[in-house]
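First residue of the sequence shown: 16, per this note's numbering; consecutive thereafter.
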Amino acid sequence: MRESERVVHLQVDVAGERLDRYLARALPDLSRSQVQRLIRDGLVALGEETPKPGTPVSPGMKVVVRIPPSPSGKVLPQSIPLDVVYEDDDLLVVNKPAGMVVHPGHGHSQGTLVNALLGRYPDLAVGDSGRPGIVHRLDRDTSGLVVVAKTEHALEHLRRQFKSRNVQKTYLTLVYGQPPAPEGIIEAPVGRDPRQRQRMAVIADGRPARTRYELWEDLGDYSLLSVSPETGRTHQIRVHLAWLGVPVAGDLVYSHERGARRAKSDMGLERQFLHAWRLSFERPGAKGTVSLEAPLPVDLQQAMDSLRSSASGDIGETPLSR
């Protein structure tokens, strides 16, 4: 069946923000440049007006966004560099950069991890033709480790591990404030936010979700946490930490615009501080366990260095510095 146009109806809940910034926050599957293109193409209505990207919004305004279907046809291979940290005959693990979408979708027909994989492995044809080899994904602005199957056997083997929660995933995240305890478990159901369907939220009738966290470093106004999601709900870590009162630094969707601006001024942070740092899983065919780590990318490490240099007192040794 041919994909149809998606129409999104929103009601503005902020004042004074640019329309393009508001929509990029309200529609996390679209980048700001994609939002601006939709506005310029006349696919965004603000009340009865056809606005410009910089048009200011105010609470109560109605916004209608028409998102055209993704281009049909075969996903195109592209010559995009990949940071492959592990590979064997069955699978590979890639250190995905922030800003890269995992697979093609609305507004993302090129430049995705799948485009890059097909450029490197033109015969890759495992599972869904639109997302060959993809077993799990990371949000566009989350960096870190992604495992990709190269055979049908590996695909099913990895899917079973994810479903049975036997894959060990640990993220590093910088959050605003300090958690209520040095370590703990967040157990709260996650589902679509009834007030804004493009977001997720902790809601009573959501799907069960469980996240472990541990405080690694107290940085005054910020905290560095290691976080392990035991379930795989959409945006789970970001939603759970915001619900706990310690939103991810730089997160425009589950924090707030003012907080994101502060993260930029405090440490030059241009995106959410969330990195898939460690991944551990069983190889197909009882071939042993693969355990991998991906160091913080340059932008997040520079943000940490800047924050540490401005923090008072001796921070001391952390698990990352040992």
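Backbone N, C-alpha and C define an ideal beta-carbon position, used for all residues, glycine too.
- Note that the C-beta distance between Leu-58 and Arg-21 is not below 8 Å.
- Between Leu-107 and Val-23, the C-beta spacing is not below 8 Å.
- According to the DSSP secondary-structure assignment, Ile-200 is paired through a beta bridge with Arg-227.
- Annotation for Gly-75: no residue places its beta carbon closer than 6 Å to its own, counting only its chain and skipping 5 residues before and after.
- Relative to the Cα of His-118, the nearest Cα in the group Val-150, Ser-94 and Glu-102 belongs to Val-150.
- Excluding its 5 nearest sequence neighbours in each direction, Val-78 has C-beta neighbours in its own chain below 6 Å: Leu-25 and Leu-61, listed in chain order.
- A check of alpha carbon separations from Phe-296 across Thr-249, Lys-279, Arg-212 and Lys-178 identifies Lys-178 as the nearest.
- Ser-241 sits away from Thr-304, with the two beta carbons spaced by 8 Å or more.
- Residue state for Gln-183 is assigned as strand, using DSSP reduced to three classes.
- Ranked by how close their Cα comes to the Cα of Ile-200, the residues Lys-111, Ala-291, Gln-251 and Leu-42 have Gln-251 in first place.
- Per DSSP, Phe-296 is not a residue of any alpha helix (DSSP H); the beta strand (DSSP E) it occupies stretches across 289 to 297.
- Distances from the alpha-carbon of Asp-220 to those of Pro-43, Arg-227, Thr-226 and Pro-204 put Pro-204 closest.
- Between Pro-223 and Asp-105, the C-beta gap is not smaller than 8 Å, which leaves the two residues out of contact.
- Separation of Val-182 and Val-313 (C-alpha to C-alpha, rounded to the nearest whole angstrom) is 26 Å.
- Of all C-beta pairs linking the stretch 122 to 138 to the stretch 92 to 99, three or more are shorter than 8 Å, placing the two stretches in contact.
- A Cβ-Cβ distance of about 7 Å is found for the pair Val-261 and Gln-193, placing them in contact under the 8 Å criterion.
- With respect to the 8 Å criterion, Gly-159 and His-290 are classified as neighbours on the basis of their beta carbons.
- The beta-bridge partner set that DSSP reports for Lys-111 consists of Gly-159.
- In the structure shown, the three-state DSSP call for Gly-134 is helix.
- With 16 or more neighbouring CB atoms inside 10 Å of its own CB, Asp-156 falls in the buried class.
- In this chain, the beta strand (DSSP E) harbouring Lys-77 covers 77 to 82.
- With a contact defined as Cβ atoms closer than 8 Å, Arg-225 and Thr-249 miss out at about 15 Å.
- For Val-141, the secondary structure class from DSSP, reduced to helix, strand or coil, is coil.
- In this structure, Ser-321 places its C-beta atom within 8 Å of the C-beta atom of Gly-283.
- Shortest Cα-Cα distance from Thr-188 to any of Val-141, Leu-256 and Arg-212 involves Leu-256.
- Val-141 and Lys-165 do touch by the CB rule: their CB atoms are close to 7 Å apart, below 8 Å.
- Non-local C-beta neighbours of Ala-216 in its own chain, meaning closer than 6 Å and more than five positions away in sequence, comprise Asp-208, ordered along the chain.
- DSSP places Leu-256 in the helix class (H, G or I) of the three-state scheme.
- The Cβ neighbour count for Asp-56, taken over all protein chains shown within 10 Å, is under 16; the residue is labelled exposed.
- Annotation for Pro-66: Leu-34, Ile-54 and Val-59 place their beta carbon closer than 7 Å to its own, counting only its chain and skipping 5 residues before and after.
- In the three-state reduction of the DSSP assignment, Arg-212 falls in the coil class.
- In the structure shown, Arg-277 adopts helical secondary structure according to DSSP, grouped into three states.
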